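K.L.:
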Ligand code: MN
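Numbering (our numbering), first residue to last: -7 to 487.
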């Protein structure tokens, strides 16, 4: 058991080193136009109670009817998580007082979920890749929203969200650090967004995490866990885990024990605090919902959905490495969003299908374009530089028409003014000087004007860089750097 403990991940307490163990339950809102058991709209931002059917309002005698698109989305997600798809699953009532879910219970899946065990590969850093087990994925209803800040004496309820379909994706307790947990959620979100089964918008609450945290001495059995409810940003997930692990360690080292409970993370104060003592499953008195038949489908239904899946991030990453010679790191950055991967591929492939240098295309996409987009707070879909334009810049460097340095200036011109990069090189006179006669004249002139520097450089060859810089300056940065380097060294008589 100890063999699997990575000591670099241990948290140092006052007395001992501790291992943190993290498992997660992610609630992901299903992308669908209507709710899980009614035809009401799922559109975000309507007036309160605009999207509420009689079913959502739990009027007497109303019956839920399963939305087939939500079923398909759950199966697609299960396939994306390399998980077992259960051809028969059932819906259960989870009895609990939700003030904003008028039924008085949540329809969920308890004993037989639609998706069983799976696995997600997570690249945590350049040096660390882990596999996180998926325990299950089940479909359930979301609740509405209670509003307490419109009146000093009254509370209001908005049921627009009530009955919207959620996928609850439960991981195994396979994570051993805040970084692993953050990387897992990031990867899961990427997969959902590729699949188009959840938009992953954490700010709108469309993806939220319940984080189970416990600590133990390495090699010991699992400790008592606390669940930190509804954490809604990846950064907060990391902070909540670290804060909660330290709280538990302090209690245990002080001779105390951990109470299993549900806690809330307060990012403002950097602490977790108790919300309620944790219920056990039997407290909910789950029982099969008598209004709903078991959900059954056959293998052909699953196969048809599998055939329609897009290329997923792991497959795309492997292909980028194999086809374009990219490093795993660069490939990982590019496939994090489907749109950025598509953009890169349009640059690397060119519109006419002619291959460009994949590494150069990746460098320019990641370093120049993403860097510039970040600086201006723009998304890839708002990029002023198109894939064709960026591809043309990569071509111009490859053909030795411009140097890498001039290419950055050209990129800036295209970014702010637009235009055809190749035409701009001519109209702005950016073509690099490869005529050795012209470069030689510039080198001779610098050497003639700086006899004392020549002596210094002969004694200390690294100083030849100064001459290269001067020649570049004198030629407006247009001299071919390799030619300048060679000529400077030859003229100074150094290796
Ligand atoms: Mn749930």
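Backbone N, C-alpha and C fix where the C-beta goes; we use that ideal spot for every residue, glycine too. Predicted, not measured: the structure shown is a model, and the values here were computed from it.
What's the call for residue 34, buried or exposed, on a 16-neighbour Cβ count within 10 Å?
P.N.:
Against the chain shown, residue 34 aligns to sequence position 42. Answer is buried; the Cβ neighbour count reaches 16.
K.L.:
For residue 142, count the other beta carbons within 10 Å of its own beta carbon; 16 or more makes it buried, fewer makes it exposed. Which is it?
P.N.:
Here residue 142 refers to the residue found at position 150 when the chain shown is read from its first residue. It counts as exposed.
K.L.:
What does a CB cutoff of less than 6 Å around residue 6 pick up in its chain, not counting 5 residues either side in sequence?
P.N.:
Position 14 of the chain shown, counted from the first residue, corresponds to residue 6. The residues are 245.
K.L.:
Could you tell me the distance, in whole angstroms, from the CA atom of residue 176 to the CA atom of residue 168?
P.N.:
Working through the chain shown from its first residue, we reach residue 176 at position 184. Working through the chain shown from its first residue, we reach residue 168 at position 176. Taking the straight line from one Cα to the other gives about 11 Å.
K.L.:
Using DSSP with H/G/I as helix, E/B as strand and the rest coil, what is residue 157?
P.N.:
Reading the chain shown from its first residue, position 165 is the one you call residue 157. Strand at residue 157.
K.L.:
With a threshold of 6 Å, establish whether the CB of residue 160 neighbours any heavy atom of the ligand SAM.
P.N.:
Questions concerning the ligand SAM fall outside what the structure shown contains, since the ligands it does hold are the ligand MN.
K.L.:
Which same chain residues, not among the five before or five after residue 405, have their C-beta less than 8 Å away from its C-beta?
P.N.:
Reading the chain shown from its first residue, position 413 is the one you call residue 405. So the qualifying residues of the chain are 411, 416 and 420.
K.L.:
By DSSP, does residue 482 sit in helix, in strand, or in coil?
P.N.:
Within the chain shown, residue 482 is the residue found at index 490, counting from 1. The answer is helix: DSSP assigns residue 482 an H, G or I state.
K.L.:
What do you reckon, are the CB atoms on residue 129 and residue 107 nearer than 7 Å?
P.N.:
Residue 129 sits at position 137 when you count from the first residue of the chain shown. Residue 107 sits at position 115 when you count from the first residue of the chain shown. Yes, the Cβ-Cβ distance between residue 129 and residue 107 is below 7 Å.
K.L.:
When you compare each of 88, 343, 351 and 97 to residue 488 by their alpha carbons, which one comes out closest?
P.N.:
A question about residue 488 goes unanswered here, because the residues of the chain that appear run from -7 up to 487.
K.L.:
Within a Cβ cutoff of 6 Å, which residues of the same chain sit near residue 43, ignoring the five residues on either side of it in sequence?
P.N.:
Indexing the chain shown from 1 puts residue 43 at position 51. If we look at residue 43 and ignore the five residues flanking it on each side, its Cβ neighbours are 32, 33 and 152.
K.L.:
How far does the beta strand (DSSP E) with residue 110 in it reach, from first residue to last?
P.N.:
Here residue 110 is taken as the residue at index 118 of the chain shown, counted from 1. Residues 110 to 117.
K.L.:
Starting from the Cα of residue 41, find the closest Cα among 296, 234 and 136 and give me that residue.
P.N.:
On the chain shown, residue 41 is found 49 positions in, with the first residue counted as 1. Per the Cα distances, 136.
K.L.:
Would you check if the distance between the CB atom of residue 318 and the CB atom of residue 356 is smaller than 7 Å?
P.N.:
Against the chain shown, residue 318 aligns to sequence position 326. Against the chain shown, residue 356 aligns to sequence position 364. Cβ atoms of residue 318 and residue 356: not closer than 7 Å.
K.L.:
So residue 408 is in the alpha helix (DSSP H); what residue range does that whole segment cover?
P.N.:
In the chain shown, the residue the question calls residue 408 occupies position 416. First-last of the alpha helix (DSSP H) with residue 408: 396 to 409.
K.L.:
Are the segment 94 to 106 and the segment 70 to 81 touching, with three or more C-beta to C-beta distances below 8 Å?
P.N.:
yes
K.L.:
Considering only DSSP beta bridges, list what residue 383 is partnered with.
P.N.:
Sequence index remark: in the chain shown, residue 383 carries index 391 (1-based). Beta-bridge pairing by DSSP links residue 383 to no other residue.
K.L.:
Does DSSP classify residue 488 as helix, strand or coil?
P.N.:
With the chain covering only -7 through 487, there is no way to say anything about residue 488.
K.L.:
Here's the rule: buried if 16 or more other CB atoms are within 10 angstroms of the residue's CB, otherwise exposed. What is residue 179?
P.N.:
The count along the chain shown starts at 1 and reaches residue 179 at position 187. Under this definition residue 179 is a buried residue.
K.L.:
What do you reckon, are the CB atoms on residue 422 and residue 413 nearer than 7 Å?
P.N.:
The residue given as residue 422 occupies position 430 in the chain shown. The residue given as residue 413 occupies position 421 in the chain shown. No; because the gap between Cβ atoms is not below 7 Å, this pair is not in contact.
K.L.:
Going by Cα to Cα distance, which pick from 286, 120, 74 and 97 is closest to residue 183?
P.N.:
For this step, residue 183 is matched to residue 191 along the chain shown. By alpha-carbon distance to residue 183, the top candidate from 286, 120, 74 and 97 is 74.
K.L.:
Could you pull out every residue in the same chain whose Cβ sits closer than 8 Å to the Cβ of residue 485, ignoring the five residues on either side in sequence?
P.N.:
As a working mapping, residue 485 is identified with position 493 in the chain shown. Taken in chain order, the residues that qualify are 450.
K.L.:
What first and last residue would you give for the alpha helix (DSSP H) that runs through residue 492?
P.N.:
For the chain, the structure presents residues -7 to 487; residue 492 sits outside this window and is missing.
K.L.:
Could you compute how far the alpha carbon of residue 444 sits from the alpha carbon of residue 458?
P.N.:
As a working mapping, residue 444 is identified with position 452 in the chain shown. As a working mapping, residue 458 is identified with position 466 in the chain shown. Cα-Cα distance, rounded: 13 Å.
K.L.:
Using only alpha-carbon positions, find the residue among 353, 214 and 233 that is nearest to residue 223.
P.N.:
Within the chain shown, residue 223 is the residue found at index 231, counting from 1. The shortest C-alpha separation from residue 223 is found at 233.
K.L.:
Measuring alpha carbon to alpha carbon, tell me which residue in 147, 86 and 240 is nearest residue 9.
P.N.:
Here the question's residue 9 lines up with position 17 in the chain shown. The shortest C-alpha separation from residue 9 is found at 240.
K.L.:
Going by C-alpha to C-alpha distance, which of 96, 379 and 37 sits closest to residue 497?
P.N.:
Because residue 497 is not part of the residues shown, which for the chain are -7 to 487, the question remains open.
K.L.:
By the three-class DSSP mapping on this structure, what secondary structure does residue 103 have?
P.N.:
For the purposes of this step, residue 103 is taken as residue 111 along the chain shown, with counting starting at 1. Residue 103 falls in the coil class under three-state DSSP.
K.L.:
Which residue or residues does DSSP assign as beta-bridge partners of residue 280?
P.N.:
Within the chain shown, numbered from 1, the residue matching residue 280 stands at position 288. Residue 280 pairs with 84.
K.L.:
Can you check which of these residues, 195, 150 and 111, is closest to residue 161 by C-alpha distance?
P.N.:
Numbered from 1 along the chain shown, position 169 holds the residue referred to as residue 161. Check the Cα spacing between residue 161 and each of 195, 150 and 111: the tightest is with 111.
K.L.:
Taking 7 Å as the cut-off, decide whether the C-beta atoms of residue 27 and residue 149 are in contact.
P.N.:
Numbered from its first residue, the chain shown carries residue 27 at position 35. Numbered from its first residue, the chain shown carries residue 149 at position 157. Contact: no.
K.L.:
With a threshold of 8 Å, are at least 3 pairs of Cβ atoms found where one atom belongs to the segment 12 to 29 and the other to the segment 256 to 272?
P.N.:
no
K.L.:
Would you mind reading off the limits of the alpha helix (DSSP H) that contains residue 174?
P.N.:
For the purposes of this step, residue 174 is taken as residue 182 along the chain shown, with counting starting at 1. Note, residue 174: alpha helix (DSSP H), 170 to 187.
K.L.:
What does the Cβ neighbour count give for residue 370, buried or exposed, with the cut at 16 atoms within 10 Å?
P.N.:
By one-based count along the chain shown, residue 370 stands at place 378. By the 10 Å Cβ count, residue 370 comes out exposed.
K.L.:
Confirm, please, whether the CB-CB distance from residue 165 to residue 15 is below 7 Å.
P.N.:
The residue given as residue 15 occupies position 23 in the chain shown. The residue given as residue 165 occupies position 173 in the chain shown. Cβ atoms of residue 15 and residue 165: closer than 7 Å.
K.L.:
My parser needs the alpha helix (DSSP H) runs of 4 or more residues fully inside the segment 270 to 352; what are they?
P.N.:
Within the segment 270 to 352, the complete alpha helix (DSSP H) segments at least 4 residues long are 291 to 299, 305 to 316, 320 to 327 and 330 to 341, listed from N- to C-terminus.
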